[in-house]
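The letter at position 69 of the sequence shown is residue 68 when you use numbering that gives the first Met the number 0, and the numbering goes up by one with no holes.
Using N, Cα and C, we set each Cβ at its ideal position, and we do this for glycine too.
Working notes, beginning with the structure itself.
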Amino acid sequence: MKVEIKKKEAYIFGGVVLVMIVIIVAIFLYGRRTSPIRSNTQAQSVTVPFTTLTQGRQSAVAKRVNYVLTSPAQLSEIWKVGNAKGTPPKVDFKKQAVIAVFAGTESSSSIAIAKIEDTTARMVSIAITKPDCTVPPSTASPYEIVAVPTTSLPLTHSDIPTTIPCPK
0 MKVEIKKKEA
10 YIFGGVVLVM
20 IVIIVAIFLY
30 GRRTSPIRSN
40 TQAQSVTVPF
50 TTLTQGRQSA
60 VAKRVNYVLT
70 SPAQLSEIWK
80 VGNAKGTPPK
90 VDFKKQAVIA
100 VFAGTESSSS
110 IAIAKIEDTT
120 ARMVSIAITK
130 PDCTVPPSTA
140 SPYEIVAVPT
150 TSLPLTHSDI
160 PTTIPCPK
């Protein structure tokens with residue numbers, strides 16, 4: 000009878016050990032989900048502050064174009080092209096870059112940088128306002144020039160078109 004009890008105890012002990020091994024393996028393979036969960040959501044964006052240096056309506060730039068300036072010489076040149084008044088402000092190009100946006104003469108009423116955000120790239124959102132009717136091209140070419148902190152991110156832009164009623 001003692002031999003039978005020892006066999007029963009051995010089977011019970013072996014069964015318990017086997018169940019524990021299965022539980023440990025299951026926890027190891029499926030329960031250790033402590034790494035960040037990957038999802039299809041976009042990377043978090045950070046709003047980038049910017050300072051308007053100048054804006055106007057009568058630049059010499061005839062087409063819709065954007066520029067990134069990284070030196071005082073480039074800023075002086077674009078200041079002239081934009082027909083901006085006075086002399087360009089001092090910009091520390093080690094810490095800042097300058098972005099210039101031009102609407103061109105395609106009957107744009109205005110252009111302005113609406114926001115700048117950093118994610119995996121620096122996204123410059125540009126608001127362009129146009130009349131909701133066909134008007135002949137004008138000699139006006141609105142523009143805005145802003146200073147932003149420098150970045151190593153690639154730059155991209157998105158135009159945000161809006162319309163205004165036509166003049167009567």
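Is the region 140 to 148 touching the region 50 to 57, taking contact as three or more C-beta pairs under 8 Å?
Touching, yes.
What first and last residue would you give for the alpha helix (DSSP H) that runs through E76?
Counting along the chain, the alpha helix (DSSP H) containing E76 begins and ends at P71 to V80.
For the beta strand (DSSP E) holding F101, just list the boundary residues, first then last.
Q95 to F101 is the span of the beta strand (DSSP E), which, as asked, contains F101.
Can you say whether V67 is buried or exposed, counting buried as having 16 or more other CB atoms within 10 angstroms of its CB?
Classification for V67: exposed.
Output the distance between the C-alpha atoms of K89 and S151, rounded to the nearest integer angstrom.
Rounded to whole angstroms, K89 to S151 spans 22 Å at the Cα level.
Is DSSP giving I36 helix, strand or coil here?
No answer about I36 holds up, because its pLDDT of 47 lies below 50 and its placement is not dependable.
Roughly how many angstroms lie between the CA atoms of G14 and K6, to the nearest whole one?
Each residue's Cα considered, the two are about 12 Å apart.
For the region 153 to 166 and the region 117 to 128, state whether three or more C-beta atom pairs, one from each stretch, are separated by less than 8 Å.
Enough Cβ pairs lie closer than 8 Å, so yes.
Under the three-state reduction of DSSP, which class applies to L152: helix, strand or coil?
It is coil, neither helix nor strand.
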